[in-house]
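Please read the structure below before turning to the comments.
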Amino acid sequence: MNYLRDSISARVHRLLGSVPWYPGYIGSRNLYLDRVLKSPQLLNNFEHGNPLPDKYGVGFDERVVEYPWLFSRCPDGPFNLLDAGATLNHHWVLSLQKFARVKTYFYTLAPEATVIKSPNASYVYGDLRELALKDACMDVVTCISTLEHVGMDNTRFYTADEQYQECDANAYLHVVDQLRRVTKPGGKVFITVPFGRSQNHGWFQQFTATMIDELVQRLSSGTSLVKYYSYTTNGWQLADQASCSQAEYFDIHKVGRKRTPDFAAAARAVACVEFVKATE
0 MNYLRDSISA RVHRLLGSVP WYPGYIGSRN LYLDRVLKSP QLLNNFEHGN PLPDKYGVGF
60 DERVVEYPWL FSRCPDGPFN LLDAGATLNH HWVLSLQKFA RVKTYFYTLA PEATVIKSPN
120 ASYVYGDLRE LALKDACMDV VTCISTLEHV GMDNTRFYTA DEQYQECDAN AYLHVVDQLR
180 RVTKPGGKVF ITVPFGRSQN HGWFQQFTAT MIDELVQRLS SGTSLVKYYS YTTNGWQLAD
240 QASCSQAEYF DIHKVGRKRT PDFAAAARAV ACVEFVKATE
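Quick note: the sequence shown uses numbering that gives the first Met the number 0, first residue 0, plus one each step.
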């Protein structure tokens, strides 16, 4: 993380009213996440499912929930990690102590702007529905805000390959099969998706309660734990499935940089699934 650059960005963002996606937003969010991920108390809240502070993450997208939830639940290294979707593909993320002894394999549809040159980082490009990996080769698998894009129109932002201009609402289940396959017995899979009422935004879909149930059933042969977090004017907070089942996604690509009453940046609810594969 470039603290000077992000600090300047955060100051610009504050001067503009801290509206999501206004100039300086990413730097502001990065600094917020850095403080959260270095706070034992906040990580303890995520680990044990305790309430979050009032106004937690107001004006920030679901990464301020997904990252600390993942980091609080993920074991310490050394181990092999598959990051399906490459959501962790940031220099500042891998520089955290949590990843000091982790060999990370980023698996995503097409090359991204960020390429981390490290002996602990490798890149594989391809369809997550057909992972070119051996059975039971990964200790930990992460799939953060990725399943919702599989089978949808990925030519809008992620690839120029027209074969990925799709609209298959059930394609994510094939990815779940693959994630389970490459996980070692006793290994863990961490999945997060935007949650709420059924919404198809073209380039992604929002998961419903039925879809979460299907996802968990597809994992099978192990134990699954699902946590829900919802966003309101008071920020992000732990929730139950029913209370956020009608949440609506704020899609900046449809409505633009619009100030909403609750300062929503993207998802207004997320489902976080932790799966431990059964030992054989």
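Glycine is no exception: its CB is placed at the ideal position from the N, C-alpha and C atoms.
Approximately 7 Å separates the beta-carbon atoms of residue 19 and residue 263; this is inside 8 Å, confirming the contact. In the DSSP assignment, residue 57 falls outside any alpha helix (DSSP H) and carries neither an H nor an E.
If you draw a straight line from the Cα of residue 158 to the Cα of residue 250, it comes to about 20 Å. Taking the C-beta atoms as reference points, residue 184 is found nearer than 8 Å to residue 279. Membership of residue 39 in the alpha helix (DSSP H) is indicated by the continuous run 39 to 47. Taking C-alpha positions only, residue 208 is separated from residue 78 by approximately 32 Å. Per the coordinates, the alpha-carbon of residue 243 lies some 8 Å from the alpha-carbon of residue 227. Each residue's CA atom was taken as its position, placing residue 52 and residue 236 some 8 Å apart.
Rounded to the nearest whole angstrom, the C-alpha separation of residue 116 and residue 15 is 35 Å.
Just so you know, the alpha carbons of residue 254 and residue 180 end up roughly 39 Å apart. Among the bridge pairs identified by DSSP, residue 114 is matched with none.
Residue 256 places its beta carbon 8 Å or farther from that of residue 177.
Between the region 60 to 72 and the region 117 to 125, the count of C-beta pairs closer than 8 Å stays below three; the two stretches do not touch. Rounded to whole angstroms, the separation of the alpha carbons of residue 88 and residue 107 is 10 Å.
Taking all protein chains in view, the Cβ of residue 160 is surrounded by fewer than 16 other Cβ atoms within 10 Å, so the residue is classified as exposed.
A residue is called buried when at least 16 other Cβ atoms come within 10 angstroms of its Cβ; residue 2 does not meet this threshold and is exposed. Note on geometry: alpha-carbon atoms of residue 33 and residue 43 lie some 15 Å from one another. Shown here for residue 67: same chain residues with a beta carbon closer than 7 Å to its own, the five before and five after excluded, namely 35, 36, 41, 42, 45 in chain order. Residue pairing by DSSP leaves residue 98 without any beta bridge partner.
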